[in-house]
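Inspection log for the structure reproduced underneath, given as structure tokens.
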Amino acid sequence: MTTILIIEDNVEVQLLLKKYLENSRLIVCYSLSEASAYLSSDDVDLVILDLLLPDGNGLSFLSKLCIDKNIPKFPVIVISAKNDIESQISCLNSGADDFISKPFNKEDLIARVNSVLRRGPLRHSLEKLTIGNLALNVVQQTAKVLLNNKYLDLSLTPIEFKLLLNFCNHIDMAFSRQDLKEIFWSETYISSRNIDTHICNLRKKLVLTNLDIINKRTRGYYLTIVPHKQKMEFTYFSEEPQLPTSKTINYT
């Protein structure tokens, strides 16, 4: 799940951001000093920054984020009541990834947030990531599902693991085929049909989890949590490398 650090002192704006970005984990700070406690955390994927704050200028804070080597490099979106061209240019030149004028609407905000998040890979400081009954080991690049108190390896290919890790960090956020091409195959050619094949194979391997990859024609592919899948039978192979026997289980 994407983590967004919001630095905004206006309560009404905070409430709007919470409402519009409800699918993300939000850390809301009223001041720059309060936000400083989170700057050393690799858990933050994006910063939404107001310019006029009680204890300082957001523009100066933005410059600090860009030049301080001890602070992880977060993508930053500035939101401000200033809507003149000079302010926008100043923020972008100081290192902001985007600028949103107040008041803003939901569709524009979400589109800009998603666009910034797609531009580069997320930092993965945590060795393990768990969503539902799925456990990812980022270092070993393995994915396992917890079933009947036992972890079963999904045997993902390298590209399947990268795709799944990307989707897990952006729950319910859609990626078009073009988005996926730019993220994973920017230097090599891949057809849309081959991308669909990779996604299809990954979906089959997620069948024992409470996650699913959905394809919406107007949005693209996105990973979502499915609390209760229909009861059905699946076949999987045990983790014993010497004797990969086939077993059939019921999943509720």
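In the numbering used here, the protein residues as written are 1 to 252. From the three backbone atoms N, C-alpha and C, an ideal C-beta is built for every residue, glycine too.
Our two residues, M1 and I27, have alpha carbons roughly 13 angstroms apart in a direct line. Non-local C-beta neighbours of N201 in its own chain, meaning closer than 7 angstroms and more than five positions away in sequence, comprise E160, ordered along the chain. Excluding five sequence positions before and after K106, the CB atoms of its chain that fall closer than 6 angstroms to its own CB belong to Y20, given in chain order. Contact between the region 49-58 and the region 4-11 is established, with three or more Cβ pairs separated by less than 8 angstroms. Partner residues in the beta bridge of D98, as assigned by DSSP, are I77.
Cβ-Cβ separation between S90 and L59: approximately 7 angstroms, consistent with a contact (criterion under 8 angstroms). V226 sits exposed, since fewer than 16 C-beta atoms from the chains shown fall within 10 Å of its C-beta.
Under the DSSP definition of a beta bridge, L147 partners with K150. In this structure, G132 lies away from F175, with their beta-carbon atoms at least 8 angstroms apart. An exposed status is given to I85, since fewer than 16 other beta-carbon atoms sit within 10 Å of its beta-carbon.
S186 is classed as exposed because its beta carbon has fewer than 16 other beta carbons within 10 Å across all chains shown. Boundaries cannot be given for T188, as no alpha helix (DSSP H) includes it and DSSP labels it neither H nor E. The Cβ neighbour count for A111, taken over all protein chains shown within 10 Å, is under 16; the residue is labelled exposed. For Y20, the enclosing alpha helix (DSSP H) stretches over residues 11-20.
For D212, the enclosing beta strand (DSSP E) begins and ends at 211-216. Taking the Cα of N83 as reference, the smallest distance to any Cα among V116, D98, L46, V47 is reached at D98.
Boundaries of the alpha helix (DSSP H) around N114: 106-118.
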